[in-house]
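Position one of the sequence shown corresponds to residue 177 (our numbering), numbered consecutively onward. Quick reminder that beta carbons are idealized off the backbone N, C-alpha and C, glycines included. Treat the numbers as computed from the prediction; the structure is a model and nothing was measured. Below is one structure, written out as structure tokens; the observations come after it.
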Amino acid sequence: MTEAWAENREDYALRPVPSSYQKWSVPSLFGVMFGITTAMFFFSWGGTLVRAYGTANLVIGLVIATVIVGALAYLWTSAASRSGLGSDLLTRGAGFGFLGSTVTSLIFAVNSVLFFAFEGSIMANAVMAQWPSVPPWVVYAGTGAVFIPLTWYGLRLVNILMWVTLPVFAVFMALTVWHAAHTPVDVGFWSYRPAGGADATAGPPVLQLLAAAFGVAGTIPVAADFGRFIPAKRRRLGSFVVGPVFAAVTFLGPTLLGAWLSLRFGETDPGKYLPDVFGVWGVLFVVTTQLRINLSNAYSGSLQFAGFFCRVFGVTPGRHWFVVLTVVLGAAAMFGDLYSRLNAVLTFGGVFMLAWIACVVADMTINKRLLRLSPPHFEYRRSRLPAFNPVGLGAIAGALIVSAPPAFGLFGPLGMTLAPFIAAAAAFVLVPAIALATKGRYYTVASTAGDIVAEDLVKCVVCSEPHASADFVSCPFHRGSVCSVCCAAERACRSVCKTASVALERTPA
177 MTEAWAENRE
187 DYALRPVPSS
197 YQKWSVPSLF
207 GVMFGITTAM
217 FFFSWGGTLV
227 RAYGTANLVI
237 GLVIATVIVG
247 ALAYLWTSAA
257 SRSGLGSDLL
267 TRGAGFGFLG
277 STVTSLIFAV
287 NSVLFFAFEG
297 SIMANAVMAQ
307 WPSVPPWVVY
317 AGTGAVFIPL
327 TWYGLRLVNI
337 LMWVTLPVFA
347 VFMALTVWHA
357 AHTPVDVGFW
367 SYRPAGGADA
377 TAGPPVLQLL
387 AAAFGVAGTI
397 PVAADFGRFI
407 PAKRRRLGSF
417 VVGPVFAAVT
427 FLGPTLLGAW
437 LSLRFGETDP
447 GKYLPDVFGV
457 WGVLFVVTTQ
467 LRINLSNAYS
477 GSLQFAGFFC
487 RVFGVTPGRH
497 WFVVLTVVLG
507 AAAMFGDLYS
517 RLNAVLTFGG
527 VFMLAWIACV
537 VADMTINKRL
547 LRLSPPHFEY
557 RRSRLPAFNP
567 VGLGAIAGAL
577 IVSAPPAFGL
587 FGPLGMTLAP
597 FIAAAAAFVL
607 VPAIALATKG
617 RYYTVASTAG
627 DIVAEDLVKC
637 VVCSEPHASA
647 DFVSCPFHRG
657 SVCSVCCAAE
667 RACRSVCKTA
677 SVALERTPA
């Protein structure tokens, strides 16, 4: 029983999901992803966007965003299902190296923390709107702490909670739509245009909207983290559902509905207008919905922090302990009132996320398939990877160098709008360019740590836990079979398997 719970809460956070564990049905995984789709963030975001750009621009921009984000999510999810690797492990072998991918782990972890704060703020606003006498710090702390036990035991419990709370969401949403439809307003939804219009100096409204939409590109690696549980035989269907279908449902469902509700109720924040309409029941609706999305944010953040601390500090207490770190940082971010600067934060965050996503996609599609400079598989083991690969790191650094100044406003409003596009384009071009310049020499390294070939599970000589043989190498330092996690956390060996002296000792005469 204890081993089963341990397996559930870890969810193979630092190693590939074995085929024996890839048993999740497509509906189950979509149910978990649907928890993201139904987040109040998208309802609030839709209200913010329609008031800034108008309905026509909103629809056009969301359709374009659906196509782009859906296609990228399909590529990531398909690779994750085929290999069993999450977003972090994919990144290691997609041009970043063993330690180089800690940069993207940190970016993704911070993104999860920010979205945890956004969603938590909506829940806190609902509580404070109903009970204004409650101190904000109590609300922020309480709305954060509740997620620790709920995400402690991994994706299985998250999946159960998603399905249990779905009927509550469906009933309340139906009541909300009915109430909004019977609320008299003077504004037509499809003909709505903001009185002042969008800022013309920031570029066409659709372009501005796309820049903001790419701020939620963090759903792409999230799709990969969940998609790694899709059985390889259902990879195409599962990737299509978790990728493009999820993007379409998200952008064209809650976001558009949120825009309509915003105009009907005269308020963008559902954490405020739902308690006004339903009282305590409105608070329950908001809390239930936000529980669903922040389960995913806390889970994703814990995965990234686990990988970061394992490689940088050699600390492996377990994924579930990093749930605590994600929640604490997210609750602290609520005090910074990032929610009031939603579009600006999303646009700036989109620069970092798109640069990373474009790097990995360029490696998947160009370096691996067209140029064949990158290995066809995604190597993730420390003994096979260089610490840093200039392909991914150079590309993301170059992309940020050219896109950060406009993102910070140095080139005016138009520069801020174009920054995410500049970041993505620069990263996509630099990845194959650097790979060609280096002739792909830095994707793998020579190592004396041999592969382990066995049909049965292999037991690690360090942690004594059994795992699939593909996760092991024959370690010259420990003189036995060592799993990838123990190898990653080991500091005393100083990567002896990669040194010239050991390589010479093991080379036949």
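Residue i vs residue j beta-carbon contact at 9 Å
i    : j    : result
L168 : A603 : Lying before the first or after the last residue shown, residue 168 is absent from the chain, which here runs from 177 to 685.
A399 : M209 : yes
K199 : P360 : no
G568 : G271 : yes
V462 : M299 : yes
Y197 : S415 : no
A388 : G506 : no
L205 : V417 : yes
E666 : V634 : no
T253 : F402 : yes
F441 : V453 : yes
F511 : P311 : no
R410 : V202 : yes
A630 : C673 : no
T319 : T465 : no
V661 : L190 : yes
S574 : V382 : Checking the sequence, you will find Gly at residue 574 rather than Ser. No, these two residues do not count as a Cβ contact at 9 Å.
Identity of the residue in the options nearest residue i by Cα
i    : options                   : result
R479 : G490, I542, G570 and H496 : Here the sequence assigns Leu to residue 479, which means Arg is not the residue at that position. Ranking G490, I542, G570 and H496 by Cα distance to L479 puts H496 first.
L576 : F564, C535, P589 and R557 : C535
R227 : V453, E443, L633 and T502 : E443
L428 : P192, R191 and G222       : G222
W436 : N301, D632, S263 and R369 : R369
E295 : G447, L265, G477 and E641 : G447
A393 : A611, P596 and C673       : P596
L326 : F511, I469, L586 and S660 : I469
G591 : P380, Y556 and V658       : P380
D647 : L234, A357 and L265       : L265
V491 : V499, F481 and V500       : F481
G434 : I572, F365 and G477       : F365
A611 : P566, F653 and P203       : P566
V289 : V605, R655, A668 and Y475 : Y475
A508 : T224, I236 and V314       : V314
P608 : A571, A625, G246 and H553 : A571
I283 : W354, D627, H358 and G477 : G477
N301 : F554, S220, K615 and R617 : S220
T267 : W354, K615, F484 and G246 : F484
Y188 : P420, V235, G237 and G494 : G494
P589 : A376, G419 and R545       : A376
L225 : L432, V499 and N287       : L432
Residue i versus residue j: straight-line alpha-carbon distance, rounded
i    : j    : result
A350 : I542 : 46 Å
A321 : S550 : 43 Å
F274 : S645 : 20 Å
N335 : V193 : 17 Å
A455 : S640 : In the sequence on display, residue 455 carries Gly and not Ala. Going by the C-alpha atoms only, they are around 54 Å apart.
V344 : I244 : 32 Å
A180 : P308 : Caution is warranted here: a pLDDT of 41 is assigned to A180, below 50, making its placement in the model unreliable, and the coordinate value is therefore given only provisionally. Going by the C-alpha atoms only, they are around 44 Å apart.
G211 : S472 : 8 Å
S263 : A256 : 7 Å
V649 : F524 : 41 Å
V658 : C636 : 5 Å
A371 : L450 : 25 Å
L413 : T242 : 18 Å
R258 : R655 : 31 Å
W339 : A285 : 26 Å
A613 : S671 : 27 Å
D539 : C651 : 29 Å
P642 : L501 : 28 Å
T352 : L337 : 22 Å
G246 : A600 : 16 Å
V605 : F528 : 16 Å
Beta-carbon contacts of residue i that lie in its chain and below 7 Å, excluding the five residues immediately before and after
i    : result
Q384 : Y229, A374, A378 and T593
I240 : L386
R487 : F274, L275, T278 and A664
L248 : I396, I533 and V537
K363 : The identity of residue 363 in the sequence shown is Val, whereas the question assumes Lys. So the list reads L439, once near-sequence residues are dropped.
I598 : V578, S579 and P582
T683 : For T683, the pLDDT reaches just 37, beneath the cut-off of 50, and the residue's location in the model is therefore unreliable, although a value from the coordinates is still provided. The answer is none, since no qualifying residue turns up.
D445 : S220, I298 and N301
Same chain, Cβ closer than 6 Å to residue i, neighbours up to 5 away in sequence not counted
i    : result
F348 : F461
F291 : N473
A305 : K448 and P451
G269 : F554, E555 and Y556
F323 : N470, A474 and V503
Neighbourhood of residue i by C-beta, 8 Å cutoff - its chain only, sequence neighbours within 5 removed
i    : result
T213 : F422, V425, T426, G429 and P430
Legend entry - Three or more C-beta pairs below 8 Å linking the segment 604-622 and the segment 557-576: Yes, the segment 604-622 touches the segment 557-576.
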